[in-house]
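One line per chain: the protein sequences are G and W, in this order. FYI, the UniProt record's numbering numbers position 367 of the first sequence as 367, with every residue one higher than the one before it. FYI, the UniProt record's numbering numbers position 272 of the second sequence as 272, with every residue one higher than the one before it.
Protein chains: 2
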Amino acid sequence: MSATVEETIQYASQESPDSPRRTVRVGICGLGTVGSGTVNVMSRNAAEITARCGRPVEIVQVGARRDNPACDTSQMQVSREIFDVATNPEVDILVELIGGTTVARELILTAIENGKHIVTANKALIAEHGNELFEAAASKGVTIAYEGAVAGGIPIIKSLREGLVGNRIQWLAGIINGTGNYILTEMREKGRTFEEALAQAQALGYAEADPTFDVEGIDAAHKLVIMASLAFRMPLAFDKVYTEGISGISIEDIRYADELGYRIKHLGIARGTEQGVELRVHPTLIPQRRLIASVNGVMNAVMVSGDAVGPTLYYGAGAGAEATASAVIADIVDVARTLEATPDQRVPLAGVAAGGQGQNCVLPMDEVVTSYYLRISAHDKPGVMSQVAKICSDQGISIEALIQHEPAEGEALVPVVILTSRAKEARLREAVSQIEALDTVEGEVVRIRVEPLG
Amino acid sequence: MSATVEETIQYASQESPDSPRRTVRVGICGLGTVGSGTVNVMSRNAAEITARCGRPVEIVQVGARRDNPACDTSQMQVSREIFDVATNPEVDILVELIGGTTVARELILTAIENGKHIVTANKALIAEHGNELFEAAASKGVTIAYEGAVAGGIPIIKSLREGLVGNRIQWLAGIINGTGNYILTEMREKGRTFEEALAQAQALGYAEADPTFDVEGIDAAHKLVIMASLAFRMPLAFDKVYTEGISGISIEDIRYADELGYRIKHLGIARGTEQGVELRVHPTLIPQRRLIASVNGVMNAVMVSGDAVGPTLYYGAGAGAEATASAVIADIVDVARTLEATPDQRVPLAGVAAGGQGQNCVLPMDEVVTSYYLRISAHDKPGVMSQVAKICSDQGISIEALIQHEPAEGEALVPVVILTSRAKEARLREAVSQIEALDTVEGEVVRIRVEPLG
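Set out below in structure tokens:
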């Protein structure tokens with residue numbers, strides 16, 4: 001929607017050099033970790049933010065069920081009813097930091113209905129309801145900014161949507177869950193089991209009491225679909241992400257990966273192919289020499305490869321009060337600067353202007369082609385390797401590398417570790433099920449995908 | 001300057017949903033590596049670029065003294081006189097890719113005078129004449145975009161100016177010259193001397209016949225002052241950068257650095273202090289565990305640390321036809337999207353709105369505080385170490401680490417390697433000159449600064 005002529009004239013006159021632009025009025029809903037961080041950073045850096053934005057930006061209202069002693073809201077109008085912020089005519093930008101997908105969705109729809117621009121760090125909401133919210137915002141001529149929803153303070157949304165706009169994105173791959181990366185780092189560096197490392201992450205406050213969301217890849221899937229929608233100009237497709245967690249990763253596999261020149265990381269991967277876009281979150285072996293292989297602890301990093309720019313990487317804190325506040329404030333400044341601009345002068349919500357979104361379908365997982373790390377527990381008998389090689393060969397899969405050590409003292413089973421050539425997921429699964437059916441093989445074959453990221 | 005009311009009305013009507021926005025007309029000056037890369041990528045990705053920009057963007061004129069067979073300009077109006085592009089009323093955006101600082105400066109000033117927006121990848125021009133050009137652009141209400149001037153395709157200008165806008169930047173440090181980084185990588189990985197590695201870089205086309213610009217840090221200094229001006233809201237201060245090249249780095253020092261847990265990288269560093277901003281380009285020991293220590297070959301990376309976000313890193317190809325074209329096109333799209341916007345709706349030229357630029361002075365090098373790596377050639381006699389320790393101690397410098405191996409067979413001199421505590425440059429220089437005056441010490445002391453980047 002374009003501004004009316006009257007509005008436009010009013011804006012133009014506001015912007016004459018003689019009358020400074022009016023203060024932009026921000027309402028913040030939610031005073032949890034990110035909410036209080038945002039209040040604190042905006043207060044501390046108010047002068048810088050005004051200078052960079054070209055106009056003052058002020059928090060005029062906070063909506064929160066209770067105060068948070070981590071921040072000072074004594075100079076702000078505080079409402080216990082967050083919907084008051086969504087309907088307050090004195091608010092230009094509503095910043096949604098309450099989390100969740102039900103009340104937050106209603107809050108944002110109400111604010112949009114009342115003509116407010118939206119800034120949010122809510123990845124679940126954007127991933128699951130973004131298509132609906134973007135449509136509502138477009139119909140009211142307002143914008144929704146969501147840099148804080150992916151990878152905390154790393155400006156990855158801006159990089160995808162603006163910085164790399166000249167490229168066809170080929171693929172992106174990210175360590176986008178700090179909890180999972182902390183656990184894998186502890187396992188590798190300190191020889192801890194998954195359970196021990198998880199307990200450590202919980203003790204440090206990096207993991208929730210119920211860690212499912214982080215370790216099973218749901219949080220990473222939320223972030224992945226948001227990035228993929230921008231990279232591949234496609235609607236948000238959270239229900240189509242293939243997701244596999246890290247709870248099955250053992251120290252043994254981390255050690256074998258090291259021996260083969262790889263690290264195991266929990267990656268969110270999106271790749272454009274002729275047949276559709278791959279969308280998958282799973283543990284992945286990546287070559288040690290890739291920069292992203294050295295991203296440790298709770299840090300996040302996203303690799304993006306474009307046809308013109310080649311591989312790029314963006315690294316930083318993926319969570320935390322002030323790191324996420326950094327992204328939220330960048331969004332506030334973007335919106336504030338263009339408050340009076342017409343919608344098509346702003347960066348489009350979904351990365352492309354209306355009608356520009358592609359129909360890219362998501363590639364079914366069976367069709368995805370990758371290499372594989374397999375670990376087989378075999379009886380120490382002649383002929384096992386030739387059986388395994390035959391099964392792989394029949395499926396068009398060749399063996400690129402193999403580790404077989406002598407069995408441990410008194411141990412009847414010997415681990416055989418294989419790196420395969422690239423093969424379709426369906427063929428690999430068939431090969432594995434045949435290998436598992438061999439008399440000479442015990443239990444399940446451990447399977448981890450391998451990505452060169454080159 | 002704000003748009004007139006008539007103009008504003010015209011723009012508003014253009015943007016109604018019924019009439020699509022008109023094509024943005026680009027004139028490219030210069031058909032060298034980046035110019036031809038830009039023509040190629042814009043042609044190849046035209047559909048994507050239009051979708052992301054929300055309107056068509058077309059190259060309507062090319063100014064170049066000769067054609068470049070690397071790109072097809074047969075569908076474009078080609079002028080042998082580049083100033084024709086600057087005065088062509090059919091051109092909205094002039095893209096300056098001719099390089100150099102004399103004709104390029106005049107070309108841009110002429111284009112600005114004719115009301116055109118500017119996109120340039122010319123780091124020397126922005127670093128040395130940016131203050132003047134920005135003023136000219138501001139007075140005509142047009143913009144100058146220069147993402148391609150720093151670190152090729154990495155969106156570092158956008159990250160500093162927009163993505164991290166909520167932060168007070170504490171420091172930034174970058175590997176921003178691919179040639180130098182290639183040479184240091186070859187020396188470390190293949191045991192080559194500086195001269196051998198340089199010859200190799202020249203053979204591969206990474207280094208010029210006269211490599212001064214790259215290996216002595218002038219190119220890095222250009223890029224550093226551009227980043228520093230955005231990070232610290234200060235005028236461009238190219239003449240105030242301290243610059244030291246890498247031609248004095250020996251394999252011996254690279255090996256000792258390894259032994260101490262460090263890598264030697266040629267960094268551009270800017271740091272805000274109470275007394276002023278440090279601006280320096282020099283070889284630097286950095287801890288091996290920092291991600292940037294693993295950035296090898298011709299790749300670039302910039303670390304930026306902000307008070308809210310903490311340390312972040314941006315990595316990618318720092319040069320090359322299409323990587324730089326990626327940055328140039330991102331700028332073109334930004335300008336095209338906001339072509340009809342008022343100047344204060346655009347991201348300000350120098351990262352801050354008029355009047356927001358600070359008066360930060362550049363800290364004189366004597367006042368800079370860092371740790372140091374020192375390599376001393378000492379006679380293998382008792383008492384040397386106590387003399388050296390006494391001199392350091394008198395200057396308030398303590399010794400944090402020390403390596404002294406036995407002298408080689410038949411060798412009278414033994415290398416003593418020291419890591420010092422943090423000290424002011426002036427005190428360190430005094431200590432070194434006293435050490436060099438010792439009877440027991442031969443020749444000059446090798447000095448390389450150390451940065452924790454933590």
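C-beta: ideal position from N, C-alpha, C; glycine also.
DSSP, read as helix, strand or coil, puts residue 446/W in strand. A Cβ-Cβ separation of about 5 Å places residue 345/G in contact with residue 338/W under the 8 Å criterion. Using a Cβ-Cβ cut-off of 8 Å, residue 200/G does not count as an interface residue toward chain W, since no Cβ of chain W sits closer than that to its own. When Cβ-Cβ separations below 8 Å define contact, residue 150/W makes no contact with chain G. For the pair residue 391/G and residue 433/G, the Cα-to-Cα distance works out to about 10 Å.
Residue 216/G and residue 142/W have their C-alpha atoms spaced approximately 50 Å apart. The way I'd put it, the stretch 167-176 of chain G does touch the stretch 286-299 of chain G; three or more beta-carbon pairs between them come closer than 8 Å. In this structure, residue 124/W places its C-beta atom within 8 Å of the C-beta atom of residue 222/W.
With a cut-off of 8 Å on Cβ pairs, the stretch 46-61 of chain G is in contact with the stretch 20-38 of chain G, counting three or more such pairs. Exposure of residue 89/W is indicated by the presence of fewer than 16 other C-beta atoms within 10 angstroms of its C-beta.
By the neighbour-count criterion, in which 16 or more other beta carbons inside 10 Å mark a residue as buried, residue 211/W falls on the buried side. The DSSP-derived three-state label of residue 314/G is strand. Put simply, of 166/W, 393/W, 436/W the residue whose alpha carbon is nearest the alpha carbon of residue 45/G is 166/W.
With a threshold of 8 Å between beta carbons, residue 323/W makes contact with chain G. Look at the stretch 303-315 of chain W: the residues with a C-beta under 8 Å from a C-beta of chain G are 306, 307, 308, 309, 310, 311, 312, 313, 314, 315. By the rule that beta-carbons nearer than 8 Å mark a contact, residue 131/G does not touch chain W.
In the structure shown, residue 420/G adopts extended strand secondary structure according to DSSP, grouped into three states.
About 10 Å separates the beta carbons of residue 371/G and residue 398/G, which is beyond the 8 Å limit, so they are not a contact pair. Using a CB distance below 8 Å, no part of the stretch 246-278 of chain G faces chain W. Under a criterion of Cβ atoms nearer than 7 Å, the residues of chain G adjacent to residue 21/W are, in order, 344. Of all alpha-carbon atoms in 206/W, 327/W, 284/W, 136/W, the one lying nearest the alpha-carbon of residue 41/W is that of 327/W. Taking a cut-off of 8 Å for Cβ pairs, the stretch 182-191 of chain G and the stretch 236-256 of chain G touch, as three or more such pairs fall below it.
Taking C-beta separations shorter than 7 Å and ignoring five residues to either side along the sequence, the partners of residue 237/G in its chain run 225, 279, 362, following chain order. Taking 8 Å as the cut-off, the Cβ atoms of residue 286/W and residue 262/W count as close. Not a single C-beta of chain G is nearer than 8 Å to the C-beta of residue 190/W. At a cut-off of 8 Å between beta-carbon atoms, residue 338/W makes contact with chain G.
In this structure, the CA atom of residue 303/W is about 9 Å from the CA atom of residue 315/G.
Measuring C-alpha to C-alpha distances from residue 205/G to each of 116/G, 113/G, 320/G, 114/G identifies 320/G as the nearest. In this chain, the alpha helix (DSSP H) harbouring residue 85/G covers 83-87.
Burial state of residue 431/W is buried, judged by a 10 Å Cβ sphere holding 16 or more other Cβ atoms.
For residue 233/W, the neighbours in chain G by C-beta distance under 9 Å run, in chain order, 48, 51, 52.
Using a Cβ distance threshold of 8 Å, residue 170/W and residue 305/W count as a contacting pair. Under the three-state reduction of DSSP, residue 300/W is assigned to strand. By the C-beta density criterion, residue 357/G is buried, having at least 16 other C-beta atoms within 10 angstroms. If the five residues before and after residue 104/G are omitted, its C-beta is found closer than 7 Å to the C-beta atoms of 96, 98, 122, 125, all from its own chain and listed in chain order.
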